[in-house]
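Visitor: After the structure tokens below, expect a handful of questions from me.
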Amino acid sequence: MFCMCGTLLQIKKEGETVICKKCGKSVKINKIEPFIIEKVFNNEEVVNTRNKVKGAKIKERCPSCDSNEMFYNVIQLRSVDEGQTVFYEGVKIESSGYMGVNIKTGG
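Below you can see the structure in the form of structure tokens.
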């Protein structure tokens, strides 16, 4: 639960009064009820997003379409202290088949 000032309140049990550490406002906790927030994605919308951004291009051979170039996108899927996930896709193919592939570049 958040205070009106935006600070996260540390709630331990029902019936207690919690005091905000930032603004000092007190809030009485009457009842704690868990709830689930569900987000439904339209699969068609997700599939169509690939037409918007192809990503940057690198000069590496694609093992799927045998092209000498591939598109790649980098996305932070996990927590901030873990590495990013790299998605690769050959320039000649329409479906992405390689996720998190390590590609060694020359140099």
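Our numbering numbers the first residue of the sequence shown as 56 and each following residue consecutively. Don't be surprised by glycine CBs; every beta carbon is placed ideally from N, CA and C.
#1: What is the DSSP secondary structure of L64, counted as helix, strand or coil?
#2: Which term fits G155, buried or exposed, when burial requires 16 or more other beta carbons within 10 angstroms of its beta carbon?
#3: Buried or exposed for M125, please, with buried defined as at least 16 other CB atoms from any protein chain shown within 10 angstroms of its CB.
#4: Hey, how far is the Cα of D121 from the Cα of E93?
#5: Taking C-alpha atoms, which residue in Q131, I130, V135 and P118 lies nearest to E144?
#6: Between the C-alpha atoms of K86 and C78, what's the straight-line distance to the nearest angstrom?
#7: Between the beta-carbon of N123 and the beta-carbon of F142, is there less than 8 Å?
Guide: Straight from the coordinates:
#1: L64: coil per DSSP, three-state reduction.
#2: Note that G155 scores a pLDDT of 41, beneath 50, so its modelled location is shaky; the value from the coordinates is reported in the next line. Its Cβ having fewer than 16 others within 10 Å, G155 is exposed.
#3: Using a 10 angstroms sphere on the CB of M125, the tally of other CB atoms reaches 16 or more, which defines it as buried.
#4: D121 and E93 have their C-alpha atoms spaced approximately 40 Å apart.
#5: Closest option to E144, Cα to Cα, is P118.
#6: Using only the alpha carbons, I get a separation of about 23 Å.
#7: Taking 8 Å as the Cβ cut-off, N123 and F142 do not qualify as a contacting pair.
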